[in-house]
Structures are given as C-alpha cells and as structure tokens.
C-alpha cells in the first residue's frame with residue numbers, strides 16, 4: 005500500500021481507534037492511521053443537499069397547511 009501524504013508534521017493527531025499519535029492526512033478529506041490502518045473519509049455525502057431541501061419543503065408545507 006503506497007500512499008502519498010499531503011503534509012508531514014512532527015506530531016500527528018491521535019487515532020480514535022488505537023489512541024496512537026499516528027493519524028495521517030491522505031487527501032483533503034481522507035485520513036488514515038499509520039499504526040492500525042483505521043481510515044475515515046470526512047467529505048459530505050452527495051445526498052445531504054437533497055435531504056436538506058426535502059426537509060425544508062416538508063417543513064414549509066407543514067406550516068402552510070397547518071394554518072388553515
């Protein structure tokens with residue numbers, strides 16, 4: 005597994021799984037622990053906007069129809 009890292013720091017953040025200071029940033033939103041292999045993608049899912057818009061439409065429809 006050959007990964008290029010964006011930035012090398014003297015101290016790395018602590019891994020939430022193993023607790024070691026070995027969490028490296030692979031890309032803008034991707035992190036991986038160099039010790040235990042834990043990885044996390046922090047980018048937002050693409051469907052988040054759809055849920056937000058649907059929720060707002062539902063909320064306004066509820067407010068509009070409950071006033072009558």
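Residue numbers (our numbering): 5 to 72.
For every residue, glycine included, the Cβ atom is placed at its ideal position computed from N, Cα and C.
Out of 70, 39 and 67, the CA that lies nearest to the CA of residue 23 is found in 39. Taking 4 residues as the minimum length, the segment 20-49 contains no alpha helix (DSSP H) run wholly inside it. Sixteen is the threshold: since fewer than 16 other Cβ atoms of the shown chains lie within 10 Å of the Cβ of residue 65, the residue is exposed. Residue 70 has its alpha-carbon roughly 53 Å from the corresponding atom of residue 16. For residue 35, the CB contacts under 6 Å within the same chain, skipping 5 residues up- and downstream, are 27, 29 and 44 in chain order. Our two residues, residue 46 and residue 63, have alpha carbons roughly 28 Å apart in a direct line.
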